[in-house]
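Under full-length UniProt numbering, residues 1 to 250 are what the sequence shown spells out, in order.
Every residue, glycine too, gets a C-beta built ideally from N, C-alpha and C.
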Amino acid sequence: MTRSLRIAVLECDTPLPAITDRLGGYGEIFARLLNKGLKESGETTVEIQDVSKWNVVNNPVFPEVNEFDALLISGSKHDCFADDPWIVSLTEYVRGVLEEHKKPVVGICFGHQIIARALGSRVGRGDGGWEISVDEITLTDAGKELFGKDKLYLQQMHRDVVHEVPEGCVNLGYSPRCAVQGLYQPKKIWSVQAHPEFTEFIMSNVLDARHKNGVFNDEMYEDAASRAGKPHDGEFLATQIIKFIAESTA
1 MTRSLRIAVL
11 ECDTPLPAIT
21 DRLGGYGEIF
31 ARLLNKGLKE
41 SGETTVEIQD
51 VSKWNVVNNP
61 VFPEVNEFDA
71 LLISGSKHDC
81 FADDPWIVSL
91 TEYVRGVLEE
101 HKKPVVGICF
111 GHQIIARALG
121 SRVGRGDGGW
131 EISVDEITLT
141 DAGKELFGKD
151 KLYLQQMHRD
161 VVHEVPEGCV
171 NLGYSPRCAV
181 QGLYQPKKIW
191 SVQAHPEFTE
201 FIMSNVLDAR
211 HKNGVFNDEM
221 YEDAASRAGK
231 PHDGEFLATQ
241 IIKFIAESTA
C-alpha cells in the first residue's frame with residue numbers, strides 16, 4: 001500500500017527576483033526537486049501528497065507537527081548564529097520537532113546549520129571563507145555507506161559552517177573549506193551543507209548579484225562562474241532525501 005507524505009518546507013529566504021519570476025520561491029523549487037527525486041528513486045511505497053510552504057523570515061509562524069510527516073529547512077542568506085528573533089524561534093521550533101515530536105528533519109545549507117545549533121553544537125563563520133559553485137566533497141565512511149559513493153559534486157554557497165557534530169549524529173563528508181558537510185541520524189536527521197536544489201541558472205544569478213554588490217571579487221567570481229555549469233549530484237541527493245523520508249515514516 002502506498003503511503004501519502006506531507007512535507008513542510010520552511011522557507012528561510014526569498015530567491016532573487018529573476019529566480020522567483022522563473023521558478024517561484026524555495027517551496028516551489030524544493031517541491032519540483034522532491035517530486036523528481038521520487039520519480040527517479042523508483043520508490044513505490046510512498047507518494048507526495050502535499051508540499052506546504054512556510055516563509056518564516058518575516059512571519060515566523062510554523063506548521064503544527066500533526067500537519068506534516070517530514071520537515072525541510074531551506075538555505076538562507078542570513079547567519080545561522082544570529083540572534084534575530086525569527087532565527088531564535090526557528091531554532092527552538094526545530095529542537096522541539098526533533099526532541100519532543102521525533103519527526104524527520106531535512107536541512108539544506110542554513111537548514112543544516114540550524115539543526116546543529118538546535119542540538120547544541122557550535123556554528124559560525126568558517127575559517128576557510130566562502131565555498132561557492134560546484135565543488136568536490138569527500139565522503140566519510142558513514143557517507144560512503146549511506147550514498148554508495150566515495151565523493152559528491154554539489155553546488156555550494158556558504159561561509160558559515162557547523163563546527164561540531166551534534167551528539168548522536170555522524171558527519172557525512174568534508175572538503176578543504178568545510179569539515180562538516182552533512183549530518184545523519186537514522187529516521188531523524190538528514191542534512192547537507194551544499195545546495196542540491198541549485199541549478200546553473202540559480203547559481204549564475206546568485207554569483208552575478210554578489211559580484212555586483214562586492215561580496216565576491218573578480219577572481220572569486222570568475223572561478224565560481226567557470227564551475228557553475230559543471231555536472232553535479234543534486235538530483236541524486238533528491239532521491240536520497242525521498243529514501244530517508246520514506247524510511248523515517250514507515
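Range of the contiguous beta strand (DSSP E) that encloses residue i
{"i": "residue 160", "result": "160-162"}
{"i": "residue 55", "result": "46-55"}
{"i": "residue 111", "result": "Premise fails: residue 111 lies in the alpha helix (DSSP H), 110-118, not in any beta strand (DSSP E)."}
{"i": "residue 138", "result": "131-139"}
{"i": "residue 122", "result": "Segment: none, residue 122 is in no beta strand (DSSP E) and carries neither H nor E."}
{"i": "residue 172", "result": "Run containing residue 172: none; DSSP gives neither H nor E here."}
{"i": "residue 70", "result": "70-73"}
{"i": "residue 76", "result": "Taken as a continuous stretch (DSSP letters only), residue 76 belongs to no beta strand (DSSP E), as it is neither H nor E."}
{"i": "residue 34", "result": "Premise fails: residue 34 lies in the alpha helix (DSSP H), 26-41, not in any beta strand (DSSP E)."}
Residue i, enclosing alpha helix (DSSP H) - first and last residue
{"i": "residue 86", "result": "85-96"}
{"i": "residue 10", "result": "Per DSSP, residue 10 belongs to no alpha helix (DSSP H); it is in the beta strand (DSSP E), 3-11."}
Reference residue i; option with closest CA among the options
{"i": "residue 156", "options": "219, 119, 77 and 90", "result": "77"}
{"i": "residue 177", "options": "38, 133 and 234", "result": "133"}
{"i": "residue 246", "options": "204, 103 and 95", "result": "103"}
{"i": "residue 152", "options": "92, 126 and 181", "result": "181"}
{"i": "residue 106", "options": "167, 192 and 48", "result": "192"}
{"i": "residue 60", "options": "85, 212 and 41", "result": "85"}
{"i": "residue 28", "options": "68, 117, 74 and 70", "result": "74"}
{"i": "residue 232", "options": "212, 196, 206 and 243", "result": "196"}
{"i": "residue 199", "options": "63, 249 and 229", "result": "229"}
{"i": "residue 142", "options": "173, 24 and 62", "result": "173"}
{"i": "residue 186", "options": "163, 236 and 240", "result": "240"}
{"i": "residue 136", "options": "10, 201, 55 and 179", "result": "179"}
{"i": "residue 55", "options": "210, 14 and 234", "result": "14"}
Integer Cβ distance of residue i from residue j, believed to fall under 8 Å
{"i": "residue 97", "j": "residue 65", "result": "6 Å"}
{"i": "residue 16", "j": "residue 206", "result": "7 Å"}
{"i": "residue 35", "j": "residue 48", "result": "6 Å"}
{"i": "residue 194", "j": "residue 154", "result": "4 Å"}
{"i": "residue 162", "j": "residue 121", "result": "6 Å"}
Neighbour-count burial assignment, residue i, 16 or more Cβ in a 10 Å radius
{"i": "residue 39", "result": "exposed"}
{"i": "residue 148", "result": "exposed"}
{"i": "residue 113", "result": "buried"}
{"i": "residue 37", "result": "buried"}
{"i": "residue 250", "result": "exposed"}
{"i": "residue 91", "result": "buried"}
{"i": "residue 213", "result": "exposed"}
{"i": "residue 224", "result": "buried"}
{"i": "residue 82", "result": "exposed"}
{"i": "residue 203", "result": "buried"}
{"i": "residue 101", "result": "exposed"}
C-beta atoms of residue i and residue j nearer than 8 Å
{"i": "residue 43", "j": "residue 243", "result": "yes"}
{"i": "residue 146", "j": "residue 169", "result": "no"}
{"i": "residue 160", "j": "residue 123", "result": "yes"}
{"i": "residue 31", "j": "residue 51", "result": "yes"}
{"i": "residue 115", "j": "residue 68", "result": "no"}
{"i": "residue 62", "j": "residue 93", "result": "yes"}
{"i": "residue 57", "j": "residue 109", "result": "no"}
{"i": "residue 72", "j": "residue 46", "result": "no"}
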